[in-house]
Amino acid sequence: MADISIIANPRSGRGKSPKNAERLLRTLKGLGTEAELVVPGSVGESREVAQRAVEAGRKFLVVAGGDGTVRDLLGLLSGSETSLAILPSGRGNDLSRALRATKLVDRLARRLKSGQTHRMDLGEANGQLFATVATGGLDAEVGRLTSGGSSIGGSGGYVLQALKSISSFNGYEMALEADAREVFAGSVTLAACANTPTYGGGLRVAPGADISDGRLDLIVVERVPRPRAFALLPSLAFGQHLSTDGVRSFSAQDIRIETAGSVPLLVDGEPVDSNRLHVAIQPSALSVLA
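Written as structure tokens, this is what we have:
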């Protein structure tokens, strides 16, 4: 029986994900480790493969893809003994970055062979599990607009769209609570509940976030004039914004966001149709490759 299941998203990495997964499969077999590879035709099929891996007690489920591919499987892997490993090939790869996942097939195969694992936290927003961030405001609007794909990958496409969006930006009204304490009420640029230090393809919006500390980092950027918003963007990208006037940060286990009017909200890149977010940490919920 195979010890490892591999799912390769055929749309990730500009179609190169299945070839990379095939190389991993051959390398593992060369190391004497049994594995199976599936290139699913749909999200539903990916979930079926993950469900079978969990029920069969597979040691690892390797996802050759990006953050979106992983997001679709979190509900099946959470709380199980099947550990997640990632062969990064998506556009964002922020979870891979936090896990220090390698793109080198030989190195990944050796790590899988060694079998070392640890556990990481997940977040939950309105009942939906997430690995990276639940956010509202300008960054969520930019994420929504870039989710359809861009010729510029990673943070480059995100920053380009942010520059366009700032031109028509007027702020968003929110009330924020962290661990049952009101921490802000007013107009914001963004409010991000981060489990990982980066999102948006490498933007270090929450540089102090730790996937294994049992807490979320709440980063609040108050509404600022457009010229200052343009100037703030590089600081946000490189994690140098936390000491800037109008930027607040909090560490919490339970966060509530209530919005006035229509405010874009995203959970791990997926839009949320609500004017409220209840975000909570799920400590040590997911086993991952060390």
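Residues in the sequence shown are numbered consecutively from 3, following this note's numbering. Beta carbons are placed, not taken as given, at the ideal position from N, Cα and C, and that holds for glycine. On a predicted model such as this, the values are computed, not experimentally measured, just so you know.
Shown here for residue 258: same chain residues with a beta carbon closer than 6 Å to its own, the five before and five after excluded, namely 179 and 280 in chain order.
Secondary structure of residue 236 (DSSP, three-state): helix. Nearest C-alpha to residue 181 among 16, 254 and 213: 254. Looking at the DSSP output, residue 252 sits in a beta bridge with 220. Note that the C-beta distance between residue 128 and residue 276 is below 9 Å. Residue pairing of residue 281 in beta bridges, as defined by DSSP: 127 and 257. By the Cβ-count criterion, residue 44 is exposed, with fewer than 16 other Cβ atoms from all chains shown falling within 10 Å of its own Cβ.
For residue 38, the pairing in a beta bridge is given by DSSP as 7. Rounded to the nearest whole angstrom, the C-alpha separation of residue 117 and residue 85 is 10 Å.
In this structure, residue 75 sits near residue 49, with a CB-CB distance shorter than 9 Å. Taking 3 residues as the minimum length, the beta strand (DSSP E) runs contained wholly in the segment 61–129 are 62–67, 85–90 and 119–127, in order along the chain. With respect to residue 100, residue 227 sits apart: the two C-beta atoms are not nearer than 9 Å. As for any beta strand (DSSP E) of minimum length 3 sitting wholly inside the segment 164–195, the runs are 174–180, ordered along the chain.
One thing to note: residue 23 has its Cβ within 9 Å of the Cβ of residue 39. Residue 290 is bridged by DSSP to 86 and 120.
Cβ contact annotation for residue 219 (same chain, cutoff 7 Å, sequence separation greater than five): 196, 208, 210, 211, 251 and 253, in chain order. The alpha-carbon separation between residue 65 and residue 244 amounts to approximately 33 Å. Between residue 221 and residue 125, the beta carbon gap of about 14 Å keeps them out of contact (Cβ cut-off 8 Å).
Counting the other CB atoms within 10 Å of its CB gives residue 18 a total below 16, which places it among the exposed residues. Boundaries of the alpha helix (DSSP H) around residue 46: 45–57. The beta-carbon separation of residue 177 and residue 187, rounded to 4 Å, stays under the 8 Å limit for a contact.
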